[in-house]
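Worksheet: one structure, shown below.
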Amino acid sequence: MSTRLSALPLKATLLRSALLKAALPWLAFLVMFLWAWRTSPLAVPSYGDTLEMVWGTQYYARTLLHGASPLFMPGIFYPLGWHTITLAHTPALFLLALPFQLIGGAALAYNGMVLLSLALSFVGVMRLVNLRADHLVSTTLALVYTFAFYRWICASGGHMHFLWATSFLPWNILFLQQLRNEVSPTHRRRLILYAGLAWAGALYFSLYFVWIGVLPLLLLLLDGRQSLLQRLKDSAAITLIAVLVASPMLLLFYFGSRADQLSANDATVLLAWGASANSFITPPLIHPIPALQSLARTIFNGPASAINEVNESNWGILLPLLAAVGGVIGLRRSRSTGGLLVMLAVSVVLALGVALQWGGHTLHASLFAPLNDALWRLGHALKPTLFTSSAPPAAFADIVPLPDYLLTATLPFWESARVAARFSIVGGLALCVLSALALQRMPLLAKVALCGLLLVEMWPVPTQSRPLPTELHPAYTWLSKQNWAPGQSIIELDVTPIRQDATVLLSALDDAIPTVSGAGSFTPQPISALGSLLGRSPQMLSRPDVAVMLAGFGVRYVVIHLKSGAGDTYEENQWQAAQVNPFMRAVRCFDPVPQNQVLPYPICIAELRVPPSFAFRVFREQGWSEFEPWGIWMLGHAAQATWIALRPVAQTLHLNAFPVCLPGTSQHATLYVNGVQLTTHVWSGCGSWDQTLTIPATLIHSGANTLRIEATVALQPGDSRIKNETRPLSIGFTALDVQPVAP
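Counting in the working numbering, the sequence shown runs from 1300 upward without gaps.
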């Protein structure tokens, strides 16, 4: 009896010890989180991309509660509409956030989703590192990865999709590490399933993991105890599970992007998305301790403009040093570290992008010119829409090329993962696991000291707390009070020039006015073509042709955001140009209100007034006169015009034209659409050519299309056969109109 009684205090002591051991890591987690997360539960840490999440949780709640589908929003990218699946923030995020949204609103949903994601990551890394180290080391490295600068800016800057996807990564690697040593067939099948599900989980939150998720398989392929054939079979099974489970998400994105006719980036854009080689070995570039921030910026030694997402994979100085020691220890003890080292090396190389950079500057060397020429021509042969020119442009001529260049040129969809720097997240996790090997073999005092230094070096910068707007900007309030007819819309402009951010989505959600503007990193080809036209100069808004192009999108009001303030700025020049356009009427500029800190600047509105009878619905590029009361002249032997097709369907071209009438001459006109001859007309006299032609769908591009007209006869400068005329007139047009064929 006494033996039993004496055992009870011992069991209670062991239980308290176990509970304390389990609670201490979470206490450390909460201390770090609460110190750094300075955001109220009813506020968000920043605006910008954060507001995409705010919009999504509100939009999904409203549409689903009304029994509608949230996957298509007809009032965005009007009149095309927008498949919301193409947004970087995926349906999985918004659906998971719905309970928070219903309980306390969008701000609480954002805060709750951040905390959940960080906790998921924390547990995953602790379990992963516990395979090789004790609780002190695993807790420390779990905090380092969970609150790593690149992930922390995802939490505080609105990239919730990548934050969640990278929270699944430790679990994926954990199951692969366990699978590497497992011999039981039953347990192996279970671990294969878990690894595939973890990869699929990441895919549901970020399609970046289509390719990033391949890297952890190197652990299995290079370090497994089984035969190479078996490891290949296991890797194939994991990939198949991930693809099958994530297929609803993948298929929705594929069909949504096809339906939205998304425009492709030019290859030159990819130069900006690789990380600088020296950015990986610095403390966070905005470290909360000034001395460490100064050290980080000294090591990076780049311009302030380069301190952005691509150069924020800052893993500090101590973590890479410990990982190097851990790598040596691991290689001496067994081959089991080889996969980690290869995974680390591959992730770093891929994170550098297509060209080597240092301090935010692309490095150049003329000796690489022949290789660059060959790589570019290979890309042009395989992906002509990405590598658009037959020879490399100047920006690519003598760069120091990296493997990502070859992969971009050859692998399908590789370029869709625009931000190559994001591959570094896999390397960061590898650094944590390798560091555990070094820390675990150190004396206790040294281990505690180094763990403390690791946390100090990687300590997160505190967030801000920004309230969500409590009312619309007065400009949008005014717009919401106008009488709107079906088919009418607005277009929101700034220096970009067509606005594409979350404020567009939030305004459309609140005022329900269709907008040609949109959100996200992908743009439908017609909107992209319109943006390229408007982006040539802020003075484009003064041209009647531009007003006609806008009318083709149903625009009734042009909404100009004066983000940079009044003065000689791009937006102010847009506003001044709109006021002199004969087909626009200035309404007024609206000052901001304190209750809306998201749009804390004036917004100006102009009304579009294109006469319904106006007979010229093309944009005059070159070879044209100004508009005259009767129409326009074609000048010289060739002229070119552009129009924007909303969809690649057949179009009607209506024209009414007459030749410059000179004795003894016969005018010929040849029309080309996108470089293909459409028709030729020969005047036998001086009469009009009034014709409606059908342009087949096979000649039409979704977006910008070119009409070229060539004439055989044109007045020579100084020709006296037409009195007081010095222009090289060739053909006069009283109508030149392109429209889709009526259904």
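Beta carbons: idealized from backbone N, C-alpha and C, even for Gly.
Given the structure is predicted, the values throughout are model-derived calculations rather than measurements.
By the neighbour-count criterion, in which 16 or more other beta carbons inside 10 Å mark a residue as buried, S1612 falls on the buried side. If you check the CB distance, I1790 and F1376 do not come in under 8 Å. L1738 places its beta carbon 8 Å or farther from that of V1443. For M1757, no beta strand (DSSP E) run applies, since DSSP gives it neither H nor E. Apart from the 5 residues on each side of it in sequence, S1556 sits with its Cβ closer than 6 Å to the Cβ of T1385 in its chain, given in chain order.
Per the C-alpha coordinates, the member of T1802, T1581, Q1592, W1572 positioned closest to E1714 is W1572. L1952 is bridged by DSSP to L1992, V2037.
Its chain contains A1387, H1388, T1389, L1392, F1504, S1505 as the residues whose beta carbon lies nearer than 7 Å to that of H1460, once the 5 sequence neighbours on both sides are disregarded; these appear in chain order.
For A2003, DSSP records a beta bridge to I1943.
With fewer than 16 other Cβ atoms inside 10 Å of its own Cβ, W1929 counts as exposed. With respect to the C-alpha of P2027, the residue from P2039, L2035, A2010 having the closest C-alpha is A2010. Annotation for S1578: no alpha helix (DSSP H) segment contains it, and DSSP assigns it neither H nor E.
Nearest neighbour of H1679 by Cα position, chosen from S1593, Y1704, M1883, turns out to be Y1704. Around the CB of Y1493, 16 or more other CB atoms lie within 10 Å, so the residue is classed as buried.
A residue is called buried once 16 or more other Cβ atoms fall within 10 Å of its Cβ, and C1985, having fewer, is exposed. For M1933, the enclosing beta strand (DSSP E) starts and ends at 1931-1934. Where I1511 is concerned, the enclosing alpha helix (DSSP H) starts and stops at 1508-1511. Under the three-state reduction of DSSP, W1381 is assigned to strand. The DSSP-derived three-state label of A1327 is helix.
Here the alpha carbons of L1952 and L1977 stand approximately 10 Å from one another. In the pairwise beta carbon analysis, the segment 1707-1725 is classified as touching the segment 1598-1616: at least three pairs are separated by under 8 Å.
Annotated as proximal: V1857 and A1877, with beta-carbon spacing under 8 Å. For F1474, there is no enclosing beta strand (DSSP E); the enclosing alpha helix (DSSP H) covers residues 1459-1480.
Distance between V1422 and H1434, taken at the CA atoms: about 12 Å. Inter-residue distance for L1514 and M1642 is about 6 Å (C-alpha atoms, whole angstroms). Looking at the backbone, the Cα of R1524 and that of A1566 are separated by about 41 Å.
Counting only residues of its own chain and dropping the five nearest sequence neighbours on each side, S1578 has a CB closer than 7 Å to the CB of F1599, N1610, S1612, N1613.
Distance from the CA atom of L1767 to the CA atom of N1895, rounded to whole angstroms, is 8 Å.
For the pair Y1900 and G1500, the Cα-to-Cα distance works out to about 40 Å. Within the segment 1403-1463, the alpha helix (DSSP H) runs of at least 4 residues that lie entirely inside it are, in chain order, 1405-1428, 1434-1445, 1448-1456. In the DSSP assignment, G2031 is bridged to W1932, F1957.
V1815 and G2031 have their C-alpha atoms spaced approximately 33 Å apart. DSSP, reduced to helix, strand and coil, places L1621 within a helical segment of the structure shown. Nearest neighbour of L1666 by Cα position, chosen from Q1656, L1640, R1676, A1696, turns out to be A1696.
In the three-state reduction of the DSSP assignment, L1861 falls in the coil class.
Three or more beta-carbon pairs separated by less than 8 Å link the segment 1933-1953 to the segment 1999-2014, which places the two stretches in contact.
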